[in-house]
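Student: Structure incoming, see below.
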Amino acid sequence: MPSDHAAVHTTRSTKPALRILIASGVNLDLLGKREPEYYGHATLPDMEVLLRAQASTFKFAVDLTFFQTNDEAKYLDILTREWDGAVLNPGAWTHTSLALADRLAALKLRFVEVHLSKVTAREPIRHLSFLAPTAIGCVSGFGIDSYRLGLLGLLDVIRK
Ligand code: DQA
35 MPSDHAAVHT TRSTKPALRI LIASGVNLDL LGKREPEYYG HATLPDMEVL
85 LRAQASTFKF AVDLTFFQTN DEAKYLDILT REWDGAVLNP GAWTHTSLAL
135 ADRLAALKLR FVEVHLSKVT AREPIRHLSF LAPTAIGCVS GFGIDSYRLG
185 LLGLLDVIRK
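What follows is the structure, given as structure tokens:
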């Protein structure tokens with residue numbers, strides 16, 4: 035009788051797992067307690083459960099790494115060429131960080147930009163994204179589901 039572990043792998047391809055980073059930036063640790071009218075009531079751990087459940091439905095192997103920091107240098111440092119792709123919600127750094135834009139352009143990391151709130155319906159400063167020019171695409175306004183939709187879009191592109 036194969037173990038559960040072996041049984042899972044028989045349904046998967048023999049290709050190595052895609053390494054995907056899910057990185058949330060400044061103040062996103064406060065999700066669930068923070069301005070629910072914009073961000074909803076779900077927390078970052080809820081988002082992780084949602085994405086892991088989605089990943090368990092794939093017929094290919096995906097290795098998800100979840101990361102959050104309020105330190106911009108740490109956010110930059112985790113963005114390396116080691117990832118096959120990334121889902122990025124940098125929070126307010128989206129609208130302020132030329133350093134983040136430069137790093138993403140330099141690495142040529144394939145990523146989708148996501149936001150819980152519909153940033154284009156908010157203050158004009160939030161309409162500007164330093165990441166958007168190098169992003170595969172942007173998903174905004176679906177609460178934590180923005181991350182899940184961003185992951186689906188990312189995988190669709192990088193698996194082609
Ligand atoms: C956010 C939108 C940003 O404008 C804001 O600064 C955040 C969260 C979002 O997910 O909706 O911190 O990235």
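For what it's worth, the working numbering labels the leading residue of the sequence shown as 35, then goes sequentially. Beta carbons: idealized from backbone N, C-alpha and C, even for Gly.
Under a three-way DSSP split, which group does residue 51 fall into?
Tutor: Sequence index remark: in the sequence shown, residue 51 carries index 17 (1-based). It is coil, neither helix nor strand.
Student: To the nearest angstrom, how far is it from the Cα of residue 109 to the Cα of residue 86?
Tutor: For the purposes of this step, residue 109 is taken as residue 75 along the sequence shown, with counting starting at 1. For the purposes of this step, residue 86 is taken as residue 52 along the sequence shown, with counting starting at 1. If you take the alpha carbons of residue 109 and residue 86, they lie about 22 Å apart.
Student: First and last residue of the alpha helix (DSSP H) that includes residue 107?
Tutor: Within the sequence shown, the letter at position 73 stands for residue 107. That run of the alpha helix (DSSP H) goes 106-112.
Student: Could you work out which residue in 69, 178, 156 is closest to residue 129 when comparing CA atoms only?
Tutor: For this step, residue 129 is matched to residue 95 along the sequence shown. When each option's Cα is compared against that of residue 129, the closest is 156.
Student: Leaving out five residues before and five after residue 144 in sequence, what residues of the same chain have Cβ atoms less than 8 Å from its Cβ?
Tutor: As a first step, residue 144 must be located in the sequence shown, where it is residue number 110. Taken in chain order, the residues that qualify are 118, 119, 120, 170, 188, 191, 192.
Student: Residue 79 to residue 122, Cα distance in whole Å?
Tutor: Counted from its first residue, the sequence shown places residue 79 at position 45. Counted from its first residue, the sequence shown places residue 122 at position 88. If I take the Cα positions, the gap works out to 16 Å.
Student: Does ligand 1 have even one heavy atom less than 7 Å from the beta-carbon of residue 109?
Tutor: Translated into positions along the sequence shown, residue 109 becomes position 75. False, no ligand heavy atom lies under 7 Å from that Cβ.
Student: At a cut-off of 7 Å, would you count residue 128 as near ligand 1, judging by its Cβ distance to the nearest heavy atom?
Tutor: Here residue 128 is taken as the residue at index 94 of the sequence shown, counted from 1. It does: the Cβ of residue 128 is within 7 Å (strictly closer) of some heavy atom of ligand 1.
Student: Taking 8 Å as the cut-off, decide whether the C-beta atoms of residue 65 and residue 76 are in contact.
Tutor: Taking the first residue of the sequence shown as 1, we reach residue 65 at position 31. Taking the first residue of the sequence shown as 1, we reach residue 76 at position 42. Cβ atoms of residue 65 and residue 76: closer than 8 Å.
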